[in-house]
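> Have a look at this one.
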Amino acid sequence: MKKKFIISWIVLGVILVVSYYLLGGFTEVKLDLIQEPAFEIVGKMYHGTPYDKTMDSLVNAIHTQYEQGIIEGTFSICFFEDPDEVDTLDILIGIIPESPVANLPEGFTKKSFEASSAIKASIEAEAVVAPSATDTNDKIRSFAEKKALTISGVYIEKYVEDFRIVTVVPVTKSGKSAQQQI
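Next up, the structure:
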């Protein structure tokens, strides 16, 4: 009886480790310095506390509209400040359209971003096993420090595919003004 119990736990452990691996649990965040082209995000603004029901509802509503194809593009969330350093969030939840949007859906706003140098953090893992946003942002800040870059304060999460999240953070070379982009 004891032998079956031990074997059952070993089998369960192996299944859990394999599942974790298949979901991308051992995947590291990939960091690169890139030249991000100009783009825009079309969506709705949220001002409030993290993990608020209003924010969750807005994310779900915009994501549903995204899945329905009201605008073709990439579902994204833009944080206008470092989300790990503020108690109140100012974010734009929306879509980076594949082509310019002439008529915005009701209640939507548009925010344009100029081309700039940026740190790109890529994660290829299911959300339940992926590194947390805080861990990813810590790695972005560390990367910026090592490369003598100044983070603009804007963090843009692009949900490229089910298992792929890309965070883009515009940067400048330390000591240069925001207008003197790399």
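Residue 194 is where the sequence shown starts when you use the numbering used here, and the numbers rise one by one after that. Yeah, the Cβ is synthetic: ideal placement off N, Cα and C, and Gly gets one too.
#1: The beta strand (DSSP E) spanning residue 302 covers which residue range?
#2: Would you decide whether residue 301 is buried or exposed? Buried here means 16 or more other CB atoms lie within 10 Å of its CB.
#3: Taking residue 224 and residue 336 to be in contact with their CB atoms under 8 Å, please state how far apart those CB atoms are, rounded to whole angstroms.
#4: Evaluate residue 285 with the Cβ neighbour count: other Cβ atoms within 10 Å of its Cβ, from every protein chain shown; 16 or more gives buried, anything less gives exposed.
#5: Please classify residue 211: does DSSP put it in a helix, a strand, or coil?
#6: Do you know whose CA, among 278, 329, 235, 298, lies nearest residue 270's CA?
#7: By Cβ distance below 7 Å, which residues in the same chain neighbour residue 361 in space, the five residues on each side in sequence not counted?
#8: Does DSSP put residue 241 in a helix, in a strand, or in coil?
#9: Roughly how far, in whole angstroms, is the beta-carbon of residue 356 from the beta-carbon of residue 299, given that I think they are within contact range, below 8 Å?
#10: Around the C-beta of residue 259, are 16 or more other C-beta atoms found within 10 angstroms, so that it is buried, or is it exposed?
#11: Would you say residue 312 lies against chain C (beta-carbon separation less than 8 Å)?
#12: Should residue 309 be labelled buried (16 or more other beta-carbon atoms within 10 Å of its own) or exposed?
#13: Pull up the distance between the alpha-carbon of residue 240 and that of residue 296, whole angstroms please.
#14: Under a Cβ-count criterion, where at least 16 other Cβ atoms within 10 Å of its own Cβ denotes burial, should residue 205 be classed as buried or exposed?
#15: Can you tell me whether DSSP reads residue 283 as helix, strand or coil?
#16: Closest by CA to residue 326, which one among 275, 340, 288?
#17: In chain order, what are the residue ranges of uninterrupted alpha helix (DSSP H) at least 4 long that sit wholly in the segment 329-371?
#18: Across which residues does DSSP place residue 225 in a beta bridge pair?
Straight from the coordinates:
#1: Taking the first residue of the sequence shown as 1, we reach residue 302 at position 109. Its beta strand (DSSP E) spans residues 302-306.
#2: Reading the sequence shown from its first residue, position 108 is the one you call residue 301. Residue 301 comes out buried.
#3: What you label residue 224 is simply residue 31 of the sequence shown in a count that begins at 1. What you label residue 336 is simply residue 143 of the sequence shown in a count that begins at 1. Right, the Cβ-Cβ distance comes to about 5 Å (below 8 Å), so this counts as a contact.
#4: Indexing the sequence shown from 1 puts residue 285 at position 92. Answer is buried; the Cβ neighbour count reaches 16.
#5: The sequence position of residue 211 within the sequence shown is 18, counting from 1. In the structure shown, residue 211 sits in a helix (DSSP, three-state: H, G or I).
#6: On the sequence shown, residue 270 is found 77 positions in, with the first residue counted as 1. Residue 270 has its Cα closest to that of 235, out of 278, 329, 235, 298.
#7: Taking the first residue of the sequence shown as 1, we reach residue 361 at position 168. Within the same chain, residue 361 has close Cβ partners 229, 311, 313, 349, 351.
#8: Here residue 241 corresponds to residue number 48 of the sequence shown, with the count starting at 1. Reduced to three states, the DSSP call for residue 241 is strand.
#9: As a working mapping, residue 356 is identified with position 163 in the sequence shown. As a working mapping, residue 299 is identified with position 106 in the sequence shown. Wrong, their Cβ atoms sit about 32 Å apart, outside the cutoff.
#10: Here residue 259 refers to the residue found at position 66 when the sequence shown is read from its first residue. Looking at its Cβ environment, which holds 16 or more other Cβ atoms inside 10 Å, residue 259 is buried.
#11: Protein chain content of the structure displayed is limited to a single chain, and chain C is not contained in it.
#12: Taking the first residue of the sequence shown as 1, we reach residue 309 at position 116. By the neighbour-count rule (16 or more Cβ atoms within 10 Å), residue 309 is buried.
#13: In the sequence shown, counting from the first residue as 1, residue 240 sits at position 47. In the sequence shown, counting from the first residue as 1, residue 296 sits at position 103. Each residue's Cα considered, the two are about 24 Å apart.
#14: If you number the sequence shown from 1, residue 205 lands on position 12. With fewer than 16 Cβ atoms within 10 Å of its Cβ, residue 205 is classed as exposed.
#15: Position 90 of the sequence shown, counting from 1, holds the residue named residue 283. Looking at residue 283 - three-state DSSP - the assignment turns out to be strand.
#16: Looking up residue 326 in the sequence shown gives position 133. Ranking the options by Cα distance to residue 326, first place goes to 275.
#17: none
#18: Within the sequence shown, numbered from 1, the residue matching residue 225 stands at position 32. DSSP lists 313 as partners of residue 225.
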